[in-house]
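Trainee: Got a structure for you, written out below as structure tokens; questions coming shortly.
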Amino acid sequence: DTEVTQTPKHLVMGMTNKKSLKCEQHMGHRAMYWYKQKAKKPPELMFVYSYEKLSINESVPSRFSPECPNSSLLNLHLHALQPEDSALYLCASSQGHSERNTIYFGEGSWLTVV
Amino acid sequence: AQTVTQSQPEMSVQEAETVTLSCTYDTSENNYYLFWYKQPPSRQMILVIRQEAYKQQNATENRFSVNFQKAAKSFSLKISDSQLGDTAMYFCAFILSNTNAGKSTFGDGTTLTVKP
Chain H
1 DTEVTQTPKH
11 LVMGMTNKKS
21 LKCEQHMGHR
31 AMYWYKQKAK
41 KPPELMFVYS
51 YEKLSINESV
61 PSRFSPECPN
71 SSLLNLHLHA
81 LQPEDSALYL
91 CASSQGHSER
101 NTIYFGEGSW
111 LTVV
Chain U
115 AQTVTQSQPE
125 MSVQEAETVT
135 LSCTYDTSEN
145 NYYLFWYKQP
155 PSRQMILVIR
165 QEAYKQQNAT
175 ENRFSVNFQK
185 AAKSFSLKIS
195 DSQLGDTAMY
205 FCAFILSNTN
215 AGKSTFGDGT
225 TLTVKP
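In structure tokens:
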């Protein structure tokens with residue numbers, strides 16, 4: 001099983017809403033990631049969790065709040081987003097955090113902020 | 115800082131033919147990894163092939179092979195016997211050794227369409 005599952009697949013939210021994106025993997029991976037991807041562009045790293053602890057925050061605005069409840073789950077809490085935050089949000093995981101590890105991506109959650 | 119350039123925004127190929135996607139990168143470091151990722155429409159991005167810079171032998175994975183020219187800082191992807199399922203956006207990526215796996219530098223991508 002090499003699957004990273006993301007829910008919901010599509011989300012429309014207003015600028016005053018609070019919502020969450022969820023990600024799950026059962027591969028025993030200890031590193032998990034959030035990326036943001038605009039249409040026809042490469043993914044941009046947002047956050048990295050290693051052994052359930054936040055290890056990298058790529059200067060992401062505080063309206064994005066990650067959470068890693070356990071080694072299989074990763075959430076991204078969204079609050080007071082802007083229309084320019086509309087994008088595909090990709091979750092990914094890898095066995096370890098070193099560059100030798102293969103990263104496995106989920107299909108993503110399409111977010112539209114209205 | 116490292117940069118990755120994919121000079122072909124879009125390409126097309128007839129089914130069963132061979133196509134080569136270009137990628138160049140810039141770094142002053144000697145130890146790094148290079149990757150090609152495939153992102154089909156509405157499906158997840160997957161790793162196609164990986165090359166370690168210290169290995170002179172070009173990596174191959176079934177119909178996918180690379181031409182790694184370290185001195186020229188070039189890393190092209192050759193897809194042989196193209197199939198309709200190869201239609202996707204392809205990203206070239208670079209990462210330094212001893213770097214967090216998530217911190218790859220990606221090119222802007224090449225959209226490949228395989229025509230029947």
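Protein chains in written order, with this note's numbering: chain H, 1 to 114; chain U, 115 to 230.
Ideal placement from N, C-alpha and C gives every residue a C-beta, glycine not left out.
Could you tell me which of H:P42, H:G14, H:K19 and H:M15 sits nearest to L90 of chain H, measuring between CA atoms?
Mentor: Considering only alpha carbons, the answer is H:P42.
Trainee: So, at 6 Å on beta carbons, what are the nonlocal neighbours of I56 of chain H in its own chain, with the 5 sequence-adjacent residues on each side left out?
Mentor: Hits under 6 Å: V48.
Trainee: Helix, strand or coil for E124 of chain U? Go by DSSP, reduced to three states.
Mentor: Strand at E124 of chain U.
Trainee: Ignoring anything shorter than 3 residues, give me the beta strand (DSSP E) runs that lie fully in the stretch 174-219 of chain U, in order along the chain.
Mentor: Within the stretch 174-219 of chain U, the complete beta strand (DSSP E) runs of at least 3 residues are 178-183, 188-193 and 202-210.
Trainee: Just to confirm before moving on: does the CB-CB distance between G223 of chain U and Y33 of chain H stay below 8 Å?
Mentor: Cβ distance not < 8 Å, so G223 of chain U and Y33 of chain H don't count as in contact.
Trainee: Can you look up P69 of chain H in the DSSP assignment and give me helix, strand or coil?
Mentor: P69 of chain H falls in the strand class under three-state DSSP.
Trainee: At least one CB of chain H closer than 8 Å to the CB of M125 of chain U: is that the case?
Mentor: No, its Cβ sits nowhere closer than 8 Å to a Cβ of chain H.
Trainee: My output table needs one value for D85 of chain H: the three-state DSSP class, helix, strand or coil.
Mentor: If DSSP states are grouped into helix, strand and coil, D85 of chain H belongs with the helices.
Trainee: Among U:S188, U:T134 and U:S126, which has the Cα closest to the Cα of V118 of chain U?
Mentor: Per the Cα distances, U:S188.
Trainee: In this structure, does DSSP put I56 of chain H in helix, strand or coil?
Mentor: Strand, per DSSP.
Trainee: Output the distance between the C-alpha atoms of R303 of chain U and T16 of chain H, rounded to the nearest integer angstrom.
Mentor: The requested residue 303 of chain U is not part of the displayed model; chain U covers only 115 to 230.
Trainee: Quick one: what's got a C-beta closer than 8 Å to T229 of chain U's C-beta in the same chain, skipping five residues either side?
Mentor: The sequence shown places Lys at residue 229 of chain U, not Thr. If we look at K229 of chain U and ignore the five residues flanking it on each side, its Cβ neighbours are S126, V127, Q128 and E129.
Trainee: Counting contacts by CB-CB distance shorter than 8 Å, is S65 of chain H in contact with chain U?
Mentor: Judged by the 8 Å Cβ criterion, S65 of chain H is not in contact with chain U.
Trainee: One question on the structure: do Y151 of chain U and L161 of chain U come within less than 8 Å of each other, judged by their Cβ atoms?
Mentor: Taking 8 Å as the Cβ cut-off, Y151 of chain U and L161 of chain U qualify as a contacting pair.
Trainee: Am I right that Q120 of chain U and D140 of chain U are in contact with their C-beta atoms under 8 Å? What's the rounded C-beta distance?
Mentor: With a Cβ gap of about 13 Å, Q120 of chain U and D140 of chain U do not count as contacting.
Trainee: Whole angstroms is fine: what's the gap from G28 of chain H's alpha carbon to L76 of chain H's?
Mentor: Going by the C-alpha atoms only, they are around 20 Å apart.
Trainee: Quick one, which of U:K169, U:S156 and U:F208 has its alpha-carbon nearest S142 of chain U's?
Mentor: The residue with the shortest Cα to Cα distance from S142 of chain U is U:F208.
Trainee: Are there 16 or more other CB atoms within 10 angstroms of the CB of P8 of chain H, so buried, or fewer, so exposed?
Mentor: With fewer than 16 other Cβ atoms within 10 Å, it is exposed.
Trainee: For Y168 of chain U and K19 of chain H, I'd like the C-alpha separation in whole angstroms.
Mentor: Straight-line Cα distance between these residues: approximately 45 Å.
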